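The structure appears below as structure tokens.
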Ligand code: ADP
Ligand code: ADP
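In the working numbering, the protein residues as written are 34 to 256.
Below, the structure written as structure tokens:
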């Protein structure tokens, strides 16, 4: 009943050319439901590559990617896209909210794409926004919100389809330290409340220490 299992993941860019970069050598990782794991690594170590492979956005050269017990290593693009939409939520350093839509609409849209009714999607969006203290921003566009508010709205969007797995790449990396703490707390409490597994890349060792587990990416392996 693991949410995510990575086995022997290897990945190089520009393989077979003089510009070859081996990013991942042999990465093994298993995440149980409800487990929050920090991924700590210097910049350039391959965090984004690993998160993209775990989230089925990119394929490894070797190794297996197993999500919720299903081995998706050799799955079709269509199947990978379906699993990604239904079971995986992504959060990035920059929020990537759609600027022409309000906070609520940004949380509603992925649900409509997933077949949820308008009414249900709006109810879920308002509930999520309320949980991160953004009820008063539901009808505001990103440009009218602070950086921390935008990032909290992006968390709600990532969780809108009730995924089992959250993958986050420096989710508070562009916020000032004070804001970063409260925004990070909002993310952790949402994830814990829903019993999701999460792999959260961060440079911030204080934040990493609050997770259930920490793994460090070093020389293409997790230690
Ligand atoms: P991190 O997220 O830890 O900063 P990345 O996974 O983004 O690391 O990148 C790891 C290494 O792979 C870096 O040296 C980066 O320059 C290189 N890299 C990432 N993506 C590509 C790509 N599409 N083509 C070539 N090199 C890449
Ligand atoms: P949709 O078409 O509904 O946006 P996708 O399957 O394209 O669904 O994307 C699912 C998730 O993957 C979204 O959270 C999206 O932000 C993320 N995503 C899609 N493509 C990329 C990419 N090239 N790099 C990073 N994240 C991506």
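Glycine included, C-beta positions come from ideal geometry on N, C-alpha and C. Computed from a predicted structure; not experimentally measured.
Measuring CA to CA, which of 163, 180, 228, 57 is closest to residue 125?
Within the chain shown, the letter at position 92 stands for residue 125. Taking only the C-alpha atoms, the option nearest residue 125 is 180.
Margin query: Assuming residue 248 is part of the beta strand (DSSP E), what are its boundary residues?
Written below: Position 215 of the chain shown holds residue 248. Start and end: 246 to 251.
*asked:* Please state whether the Cβ-Cβ distance between residue 247 and residue 70 is less than 9 Å.
replied: Within the chain shown, the letter at position 214 stands for residue 247. Within the chain shown, the letter at position 37 stands for residue 70. Yes; because the gap between Cβ atoms is below 9 Å, this pair is in contact.
Contact check, residue 41 vs residue 96, beta carbons under 9 Å = For the purposes of this step, residue 41 is identified with residue 8 of the chain shown, where counting begins at 1. For the purposes of this step, residue 96 is identified with residue 63 of the chain shown, where counting begins at 1. In contact: residue 41 and residue 96 (Cβ atoms closer than 9 Å).
Continuous alpha helix (DSSP H) stretch holding residue 110: start and end: Position 77 of the chain shown, counting from 1, holds the residue named residue 110. Where residue 110 is concerned, the enclosing alpha helix (DSSP H) stretches over 110 to 120.
So, residue 172 versus residue 136, is the Cβ gap smaller than 9 Å? Working through the chain shown from its first residue, we reach residue 172 at position 139. Working through the chain shown from its first residue, we reach residue 136 at position 103. A contact, by the Cβ cut-off of 9 Å.
Unbroken beta strand (DSSP E) runs of length 3 or more, entirely within the region 173 to 251: which are they?
-> 198 to 202, 230 to 234, 246 to 251
Review point. Hey, which unbroken runs of the alpha helix (DSSP H) at 4 residues or more fall wholly within the region 71 to 152?
Key: 80 to 87, 110 to 120, 136 to 146
Next item on the list: Leaving out five residues on either side along the sequence, give the residues of the same chain with a beta carbon under 7 Å from the beta carbon of residue 45.
Entry: Counting from one through the chain shown, the residue named residue 45 turns up at place 12. The answer, listed in chain order, is 53, 54, 55, 56, 94.
- Item | Cα-Cα separation between residue 204 and residue 234, rounded to whole angstroms | Stepping through the chain shown from its first residue, residue 204 is reached at position 171. Stepping through the chain shown from its first residue, residue 234 is reached at position 201. Cα to Cα, the separation comes out at about 8 Å.
Look at residue 92 and residue 114 and say whether their C-beta atoms are less than 9 Å apart.
-> Your numbering for residue 92 matches position 59 in the chain shown. Your numbering for residue 114 matches position 81 in the chain shown. Their beta carbons are not under 9 Å apart, which means residue 92 does not touch residue 114 by this criterion.
**Prompt:** Exposed or buried, which one is residue 196 when buried takes at least 16 other CB atoms within 10 Å?
**Reply:** Looking up residue 196 in the chain shown gives position 163. Under this definition residue 196 is a buried residue.
For this session: Return the Cβ separation of residue 140 and residue 186 in integer angstroms, given the expectation that the two are a contact with Cβ distance under 8 Å.
Result: Mapped onto the chain shown, residue 140 falls at position 107. Mapped onto the chain shown, residue 186 falls at position 153. With 8 Å as the limit, residue 140 and residue 186 qualify as a contact, their Cβ atoms being about 7 Å apart.
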